[in-house]
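*Asks:* Sequential numbering of the sequence shown, starting at 1, is according to full-length UniProt numbering. Even glycine gets a Cβ: it sits at the ideal position worked out from N, Cα and C.
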Amino acid sequence: MEEVLEISFDLVGKVLEQDIISEFGVLLLKKGAVLTESNIILLRNHDYKNVNVSEIVTFEKLYLKNIEQIKELFTDVNKIKEISIENWFEENAKFFQFILKNPSLTEEIYNINNVEDSLFRHSANVGIIAVILGKILGYSNKNLKLLWKMGVFHDIGKMKLSEELLHNQDNLEENEMSEYKKHAYYGWNILREVNDIDVNILNAVKQHHEKIDGTGYPKGLKVDEIPLLVQMISVANLVDKLSNSQGKTSIFQVMNYLINETQQNKLNPAIVVPFVRYKYYHYVGKEIILSDARLAKIIFIHDNEPSQPLVHVEESDEYIDLRKFHNLKIVDFS
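If you want it as structure tokens, here you go:
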């Protein structure tokens with residue numbers, strides 16, 4: 001929120017919302033600058049009395065606000081049909097732009113601790129991860145925005161489930177699991193009457209638990225029957241579930257699981273491998289722990305098998321190509 005404030009050192013840390021020009025027409029400070037003490041002195045020296053500023057918008061602030069807005073949207077599902085979905089997302093455009101510029105958010109979102117793990121946080125996270133997956137795969141901004149919407153809404157059907165089912169979804173009896181799986185249909189029924197809803201969002205809600213080998217639910221669809229965008233939501237959903245699991249699963253364990261799921265023909269390698277490759281390229285030179293407890297450094301990433309890179313074990317001064325030792329995995333940073 002912009003406001004005009006009197007020049008004082010209280011403005012340090014605020015964002016300048018106007019260019020500052022000297023009496024001779026020289027640009028002193030550019031719009032968007034974060035004000036420092038020396039900037040305040042400069043403004044005073046040039047006889048500025050007040051200035052147009054705003055607060056710094058951090059990702060954490062935008063993230064927490066987005067979660068709260070999703071909670072408000074989901075809490076009264078009967079009102080969803082009365083609002084414009086498109087307008088709701090336009091109001092969060094600044095958050096979307098932040099995601100586009102920060103593909104490292106797939107890890108940063110788990111470093112924010114002052115918010116409970118909930119359906120609303122999960123929905124926000126899957127939206128973020130879906131956008132980043134799409135960006136890695138080279139999708140247009142139009143499709144990235146669509147992936148964001150699909151990710152946010154994919155689990156809205158869980159609002160029809162009991163708190164008990166939601167809190168114990170990893171330890172359900174057979175009859176409870178049968179009810180839990182209905183959230184895909186519940187979500188589809190909630191959204192299908194919304195006027196401006198995109199069919200891809202409806203597909204994501206109903207099909208995000210399908211597996212490409214036909215072992216998923218609710219219909220046991222196979223790869224050619226599941227839209228690629230929905231398959232991306234499935235991957236994003238799994239990334240968040242694994243990353244939020246009890247015991248603090250490392251990003252390497254998440255990626256190992258994703259690769260294993262592609263090898264079991266559950267997830268599409270055309271989605272998973274580029275994501276894993278992208279993540280590993282950013283870890284070259286990092287110190288890691290191998291599954292046999294040895295410490296090593298990532299040296300080189302193989303495009304075809306990015307999760308099995310070339311590593312250097314410093315203790316024995318040994319270079320190991322993990323492609324030759326598939327039982328040996330990277331499990332965490334050292």
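(1) At which residue ranges does the region 156 to 232 contain complete alpha helix (DSSP H) runs of 4 or more residues, listed in the order of the chain?
(2) Could you tell me the distance, in whole angstroms, from the CA atom of T75 to the CA atom of D10?
(3) What are the start and end residues of the beta strand (DSSP E) that includes F300?
(4) Counting pairs of Cβ atoms below 8 Å between the region 97 to 113 and the region 121 to 133, do you hit three or more?
(5) If you follow the beta strand (DSSP E) that V313 is part of, which residue opens it and which one closes it?
(6) Tell me the residue span of the alpha helix (DSSP H) that contains V254.
(7) According to DSSP, I320 sits in a beta bridge with which residue or residues?
(8) Just to confirm before moving on: does the CB-CB distance between G151 and I233 stay below 8 Å?
(9) Roughly how far, in whole angstroms, is the beta-carbon of K149 from the beta-carbon of I201, given that I think they are within contact range, below 8 Å?
(10) Could you tell me whether the Cβ atoms of E6 and N52 are closer together than 8 Å?
(11) Put D19 into one of helix, strand or coil per three-state DSSP.
(12) Helix, strand or coil: how does DSSP classify residue 372 here?
(13) May I ask you to list the residues that DSSP assigns as paired with L290?
(14) Mind reading off the beta-carbon distance from N237 to K329? Whole number of angstroms is fine, and I expect it under 8 Å.
(15) So, are the CB atoms of N268 and Q207 less than 8 Å apart?
(16) Pull up the distance between the alpha-carbon of A33 and that of V15, whole angstroms please.
(17) Roughly how many angstroms separate the alpha carbons of Y185 and S162, rounded to a whole number?
(18) Quick test of your reading: S123 and D155, contact by CB under 8 Å. State the CB separation rounded to the nearest angstrom.
(19) Going by C-alpha distance, which of N168, L146, S250 is nearest D196?
(20) Taking 8 Å as the threshold, find out whether the region 213 to 221 comes into contact with the region 290 to 303 through three or more Cβ pairs.
(21) DSSP three-state call for residue 344: helix, strand or coil?
(22) From E314 to K297, what distance separates their C-alpha atoms?
(23) According to DSSP, what are the bridge partners of N50?
(24) Going by beta-carbon coordinates alone, are K211 and K266 separated by less than 8 Å?
(25) According to DSSP, is L43 helix, strand or coil?
(26) Which of the three DSSP states is assigned to V12 in this structure?
(27) Would you check if the distance between the CB atom of I259 and the CB atom of V284 is smaller than 8 Å?
(28) Quick check on this structure: which residue in I70, F59, N175 has the alpha carbon closest to the alpha carbon of R121?
(29) Hey, quick one: how far does the alpha helix (DSSP H) through L147 stretch, first residue to last?
(30) With H, G and I counted as helix, E and B as strand and the rest as coil, what does DSSP make of L27?
*Replies:* Let's see:
(1) 163 to 167, 174 to 180, 183 to 191, 199 to 207
(2) 39 Å
(3) 295 to 300
(4) yes
(5) 310 to 313
(6) 251 to 263
(7) V311
(8) yes
(9) 6 Å
(10) no
(11) coil
(12) In the structure displayed, the chain extends from 1 to 334; residue 372 sits before or after that span and is not available.
(13) I330
(14) The pair is not a contact, with the Cβ atoms about 23 Å apart (cut-off 8 Å).
(15) no
(16) 6 Å
(17) 15 Å
(18) 6 Å
(19) L146
(20) no
(21) As displayed, the chain neither begins before 1 nor continues past 334, which places residue 344 out of reach and without an answer.
(22) 8 Å
(23) E6
(24) yes
(25) helix
(26) coil
(27) no
(28) I70
(29) 141 to 153
(30) strand
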